[in-house]
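K.L.:
Got a structure here, written out as structure tokens. Questions coming.
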Amino acid sequence: MMVFLKLHFTNSFNFKLRLSSLTATFLIVMMILQVQVSAQESSNYVMYRNGIHSYNPGASGMFHKHKTSINGKYFPNTSLGDDVKSVSVFVDQQVPVLKGGIGFSYTYDIWDDSRYNHNLGFSYAYHFDLGSAGKLGAGINFGLITCKFKRLFWTFDGGPFLYDTTTINIVFTPGLAYKFKNFDFGISIGLRNRDSFVLEKNMYFFNSPAINIFTSYKIYTGPKFSLTPGVYAVFYPRTDSDRYRNEKMTTNYNFNLTANFSEQFWIGAAYIRNFDWGHMSQSFFTYPDGFFVSSGIDIKEKYGIGLSLMPKIFKQDHYNNDSFRKAPFYYAEFVISYKLKPEN
0 MMVFLKLHFT NSFNFKLRLS SLTATFLIVM MILQVQVSAQ ESSNYVMYRN
50 GIHSYNPGAS GMFHKHKTSI NGKYFPNTSL GDDVKSVSVF VDQQVPVLKG
100 GIGFSYTYDI WDDSRYNHNL GFSYAYHFDL GSAGKLGAGI NFGLITCKFK
150 RLFWTFDGGP FLYDTTTINI VFTPGLAYKF KNFDFGISIG LRNRDSFVLE
200 KNMYFFNSPA INIFTSYKIY TGPKFSLTPG VYAVFYPRTD SDRYRNEKMT
250 TNYNFNLTAN FSEQFWIGAA YIRNFDWGHM SQSFFTYPDG FFVSSGIDIK
300 EKYGIGLSLM PKIFKQDHYN NDSFRKAPFY YAEFVISYKL KPEN
């Protein structure tokens with residue numbers, strides 16, 4: 000009897016391990032082959048973990064039993080000369096009957112009062128229980144992205160020309176997320192938007208996908224204090240805009256560190272690098288590069304409020320922009336959330 004139970008446990012574990020390996024291999028191959036396929040956008044926020052399933056569907060239901068958050072931001076000064084505003088709703092739900100989790104995301108943002116984006120997505124992840132080795136989430140995302148672009152340009156002969164067009168894209172992407180105790184890791188596909196000058200030649204707004212990677216590790220240094228270093232990175236392929244400029248895209252890095260006190264208060268800092276002279280990632284038009292400070296409060300470990308800022312002391316106005324001078328900060332971002340801890 001004991002021999003049978005041992006064999007049964009071994010076979011079950013080996014089956015789960017083989018199934019997880021096959022799933023991981025399949026999704027990675029899909030990522031490699033999906034060079035020409037549109038995909039869900041990369042994170043739109045500095046505090047990217049609030050909507051982690053929106054750009055990595057494998058994380059759906061992985062880190063919370065339930066989480067709903069509303070995110071917003073204001074970026075008053077971009078190289079376009081005007082501001083960027085954005086608001087998002089993220090819902091992340093663990094669903095035991097489906098052996099995984101589901102997610103919903105909606106984002107509306109305005110660029111330079113000329114570009115209006117709606118991003119709607121639904122995700123599902125199957126959770127593989129690896130026993131003492133942790134948990135693996137393999138997910139897919141389906142969604143819709145619409146973009147309306149309307150701006151008045153001036154031609155070389157001095158005459159006005161109005162661009163007014165709308166594009167609609169059905170999106171699909173796979174993603175993998177892994178959790179082992181206080182460590183997590185994820186890899187997925189993200190979407191790179193075209194640079195503005197390329198729009199004059201081709202009004203299709205979306206370029207070939209980029210690779211999103213996140214990872215973090217929570218370190219407890221006392222019964223009521225923890226430190227969590229994390230990294231979020233977006234690796235861009237060589238796209239038509241880069242060939243146009245004969246340049247290679249700069250990888251977007253978000254290095255961050257968060258200190259948590261009694262699971263009630265937290266403060267954090269982040270350094271984002273997404274710009275180098277002569278090279279810029281599209282996220283340069285989504286949030287600036289440089290240093291950010293963040294803080295927040297969790298009430299009863301369910302309700303959360305967070306704020307992230309780039310104070311003006313960390314950045315200078317390179318574009319002589321009135322919006323920058325009027326705002327008391329260079330970039331601001333907030334989040335309001337409701338969450339429940341996972342069942343396992």
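First residue of the sequence shown? That's 0 in numbering that gives the first Met the number 0, and the numbers climb one at a time after it. Where is the CB? At the ideal position from N, CA and C, for every residue including glycine.
Taking DSSP as the reference, what is the three-state secondary structure of P228?
P.N.:
Strand.
K.L.:
Along the chain, where does the alpha helix (DSSP H) that runs through H126 open and close?
P.N.:
That residue, H126, is in no alpha helix (DSSP H); its beta strand (DSSP E) goes R114 to D128.
K.L.:
Would S336 pass as an interface residue toward chain C - the criterion being a Cβ-Cβ separation below 8 Å?
P.N.:
In summary, chain C is missing from the structure at hand, where a single protein chain is found.
K.L.:
Where do the ends of the beta strand (DSSP E) carrying H65 lie?
P.N.:
Segment H65 to F74, the beta strand (DSSP E) holding H65.
K.L.:
Taking the straight line between their C-alpha atoms, what separation do you get for I378 and S122?
P.N.:
Beyond the ends of the chain as shown, which are 0 and 343, falls residue 378; an answer cannot be given.
K.L.:
Strictly by DSSP, which residues pair up with G60?
P.N.:
For G60, which the question treats as bridged, DSSP gives no partner whatsoever.
K.L.:
Once the 5 residues before and after N116 are set aside, which same chain residues still bring their CB inside 6 Å of it?
P.N.:
Cβ within range, chain order: D108 and C146.
K.L.:
Three or more C-beta pairs closer than 8 Å, one from the segment 119-134 and one from the segment 81-88: is that the case here?
P.N.:
Segments in contact, no.
K.L.:
Going by the beta-carbon positions, is the gap between V233 and S68 smaller than 8 Å?
P.N.:
No. Outside cutoff.
K.L.:
Inspect the beta-carbon positions of S307 and F290 and report whether they are closer than 8 Å.
P.N.:
No, Cβ-Cβ distance for S307 and F290 is not below 8 Å.
K.L.:
Mind checking whether L339 and H65 have CB atoms under 8 Å apart?
P.N.:
Closer than 8 Å, so yes.
K.L.:
Determine the closest residue to F89 out of W110, A58 and S113, with distance taken between C-alpha atoms.
P.N.:
Among W110, A58 and S113, the Cα nearest to that of F89 belongs to A58.
K.L.:
Considering just the uninterrupted stretch of the alpha helix (DSSP H) at S53, what are its terminal residues?
P.N.:
Unbroken alpha helix (DSSP H) run through S53: I51 to Y54.
K.L.:
Report the partner residues of Q263 according to the DSSP bridge assignment.
P.N.:
In the DSSP output, where bridge partners are listed per residue, Q263 has none listed.
K.L.:
Where V36 and K299 are concerned, what is the direct C-alpha to C-alpha distance, given to the nearest angstrom?
P.N.:
Confidence is the limiting factor: at V36 the pLDDT is only 37, short of 50, which leaves the residue's position unreliable and the question unanswerable from this model.
K.L.:
With H, G and I counted as helix, E and B as strand and the rest as coil, what does DSSP make of K84?
P.N.:
It is a strand residue.
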